[in-house]
Amino acid sequence: MDINIIFKIAGIGILISVLNMVLKQAGKEEQAQMLTLVGVVVVLMMVIQLIQRLFMDVRSVFGL
Amino acid sequence: MVEIMPFLGIALVATVLLTILRMERPELAVLFGTAVGILLFIMVLQRLGVVLQQFQGLTARAGVEPFYLGTVFKVIAVAYLTGFGAQICRDAGEGALAMKVELAGKVAILILAVPVMTAILQLLLKVI
């Protein structure tokens, strides 16, 4: 099983929170906001692919 | 023991990571929780597939019509999926949305169950 995706998402989350702190300290509020948005979108893409795989698996296991 | 260990490991690691994420980025914590849940669900499905195949073999030997077992499987799948979706909504703090998802699941199960119900009624009419 690819447990890597969990670590990937958690890594992205922690990295973004650190970068966000740095940007906020540097006084770049808009960039910090954009970074948050980009992080959410990237993780959402990964989760959407995972959801698609889940639906395919359910379909094949239950024979829908 | 071997069956349950991977689930425990993933869940514990994910819980630790989730506590960190929830403090820093609550919006990513929801997505992270969803991803972990889906991963565990896919792992459960792989085991469940074996059991369901056994059930299919048993019903084939008992001479039950495959249509009924298919309906039961569909209902189980809908129940699992709606419970899963509702839990994600509830995790994100959207209890109202979770209620709607559950309602949709109930209606979907009802739609799946109607053909079986009509089959029973027709059988009753035939007996009378």
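From first to last, the protein sequence lines stand for chains B and V. Position one of the first sequence corresponds to residue 7 (the numbering used here), numbered consecutively onward. Position one of the second sequence corresponds to residue -3 (the numbering used here), numbered consecutively onward. Note that the Cβ used here is the ideal one computed from N, Cα and C, for glycine as well.
Neighbour list for residue i in chain B, Cβ cutoff strictly below 7 Å
i            : result
residue 37/V : 60
residue 30/V : 53
residue 34/V : 56, 57 and 60
residue 45/V : 67
residue 98/V : Result: empty, since nearest Cβ-Cβ is about 18 Å, beyond 7 Å.
residue 41/V : 63, 64 and 67
residue 16/V : 20
Contact list for residue i against chain B, beta-carbon separation under 9 Å
i            : result
residue -2/V : Those do not exist, as residue -2/V stays about 14 Å from chain B at its closest Cβ, beyond 9 Å.
residue 94/V : In chain order: nothing, as chain B lies at least about 17 Å away.
residue 91/V : Per Cβ cutoff of 9 Å: no residues; residue 91/V is ~21 Å from chain B at best.
Host alpha helix (DSSP H) of residue i (start-end)
i            : result
residue 90/V : No alpha helix (DSSP H) holds residue 90/V; DSSP gives it neither H nor E.
residue 34/B : Premise fails: residue 34/B is in no alpha helix (DSSP H) and is neither H nor E.
residue 57/V : 22 to 58
Contacts that residue i makes with chain V (C-beta to C-beta distance below 8 Å)
i            : result
residue 33/B : Here the premise fails: no neighbours, minimum Cβ distance about 20 Å.
residue 38/B : The premise fails here: residue 38/B is roughly 12 Å from chain V at the closest Cβ pair, so nothing lies under 8 Å.
residue 46/B : 23, 24 and 27
Counted within 10 angstroms of its Cβ, other Cβ atoms place residue i as buried (16 or more) or exposed
i             : result
residue 21/V  : buried
residue 124/V : exposed
residue 38/B  : buried
residue 33/B  : exposed
residue 47/V  : exposed
residue 58/V  : exposed
residue 26/V  : buried
residue 56/V  : exposed
residue 24/B  : exposed
residue 12/V  : exposed
Proximity below 9 Å, CB of residue i to CB of residue j
i            : j             : result
residue 64/B : residue 106/V : no
residue 71/B : residue 24/V  : The shown model of chain B, from 7 to 70, leaves out residue 71/B, and the question about it has no answer.
residue 28/V : residue 14/V  : yes
residue 81/V : residue 73/V  : no
residue 39/V : residue 3/V   : yes
residue 45/V : residue 67/B  : yes
residue 35/V : residue 56/B  : yes
residue 26/B : residue 41/B  : yes
residue 30/V : residue 116/V : no
residue 48/B : residue 11/B  : no
residue 70/V : residue 108/V : yes
residue 67/V : residue 103/V : no
Heavy atom of the ligand NAP within 8 Å of residue i beta-carbon
i            : result
residue 19/V : Ligands in the displayed structure: none, and consequently the ligand NAP is not present.
Proximal residues of chain V, C-beta to C-beta of residue i below 7 Å
i            : result
residue 49/B : 24 and 27
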